[in-house]
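J.: Just passing along the structure, written as structure tokens.
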Amino acid sequence: MNFNNKNVLITGASRGIGKATALAFAEKGARVGINYKNNTAEAQRTLSQLLGEGHRLFQKDISKKENCQMLISEFVHHYGQLDVLVNNAGISIFHEIDSVAFEHWTHAWEETFKTNLFAAANLSFWGAKAMMQTGGGRIVNVSSRGAFRGEPTKPAYGSSKAALNAMSQSLAKKLAPHNIYVGVVAPGFTETEMAAETLTPREKENLLRESPFQRMAQPEEVAHAILFLASKGAEYVSGTIIDVNGASYLRS
């Protein structure tokens, strides 16, 4: 896969899957725009690790819809065009229906959808508009196996990712005539900083038992799937959802 002279924007790219994806694109010759919300030190560390030149930080809270247009506009103003948009940013809030107050319940749904679905939809809107002006591009959305198996402790998360899948496939149909190809990567639990911070030892032990590999995914493995969907020659897999969960959840 060669991304020489391609301009790639990745949301939530200061760490985890986003960081691994930024590193992978840079290694293949792309100029990478790293979007992040507020962890400037982490974002700068990621930026310093990217191979090549021309990479840049874009600090924007994409849960605010006006920032989505601003992000795409600033990216295109700086690079000239947008070739690949990776909607990776996401949040997860525990809100078990049998134990939380209604205020927490509604807060979890609203905040989760703002970032996991609405931001991806808004960025896809403005990103697609930009791509139409330059002959096409790629949009890759990062979903989750939770979209298929259910998330009883955080149903808004699973629901937002299921909606992201449906949106992606709808856009794949609509944008194909514009040479814009849309794909989805649906990881299982991935060994990121966020997982290390939130998983208890018992939860991690249970997760490891779910996969015949008896391990969590590495961020680089998810990044590899993202790069495939964004690569030249993968056009006819537009609308595809690639599972990266180590056979921990198999769907028909």
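Going by the working numbering, the sequence shown opens with residue 9, and the numbers climb by one from there. In this text, a Cβ means the ideal position worked out from N, Cα and C, and glycines have one as well.
Please identify the residue among K181, S151 and K182 whose C-alpha is closest to the C-alpha of S167.
T.: Looking at the Cα atoms, S151 is the closest of the given residues.
J.: Tell me which same chain residues have a C-beta within less than 8 Å of the C-beta of K181, skipping the five on either side of it?
T.: If we look at K181 and ignore the five residues flanking it on each side, its Cβ neighbours are G247.
J.: Here's a check: name, in chain order, each residue in its chain whose Cβ is nearer than 7 Å to the Cβ of N4, leaving out the five neighbours to either side.
T.: Summary: the structure shown does not reach residue 4, with the chain confined to residues 9 through 260, and so no result is reported for it.
J.: Chain C beta carbons: is any one of them nearer than 8 Å to that of E199?
T.: No chain C appears in this structure, which consists of one protein chain only.
J.: So is F110 buried or exposed if we call it buried at 16+ other beta carbons inside 10 Å?
T.: Flag for F110 reads exposed.
J.: By a C-beta neighbour count over all protein chains shown, 10 Å radius and 16 as the cutoff for buried, is N124 buried or exposed?
T.: So N124 counts as buried.
J.: Short of 8 Å in beta carbon distance, which residues of its chain neighbour G143, apart from the five on each side in sequence? Order them along the chain.
T.: Same-chain partners within the cutoff: N187.
J.: For A129, I'd like the list of residues in its chain whose CB is within less than 7 Å of its CB, leaving aside the five on either flank, ordered along the chain.
T.: Only M175 meet the Cβ criterion.
J.: For the structure I just gave you, are there three or more beta carbon pairs, one from the region 132–148 and one from the region 93–107, closer than 8 Å?
T.: They touch, by the three-pair rule.
J.: How long is the line joining the alpha carbons of S219 and I234, rounded to whole angstroms?
T.: Roughly 21 Å between the two C-alpha positions.
J.: Using the rule of at least 16 other Cβ atoms within 10 Å of the residue's Cβ for burial, across every protein chain shown, is L258 buried or exposed?
T.: Exposed is the call here.
J.: Indicate whether V190 and I250 have their beta-carbon atoms separated by less than 8 Å.
T.: Not closer than 8 Å, so no.
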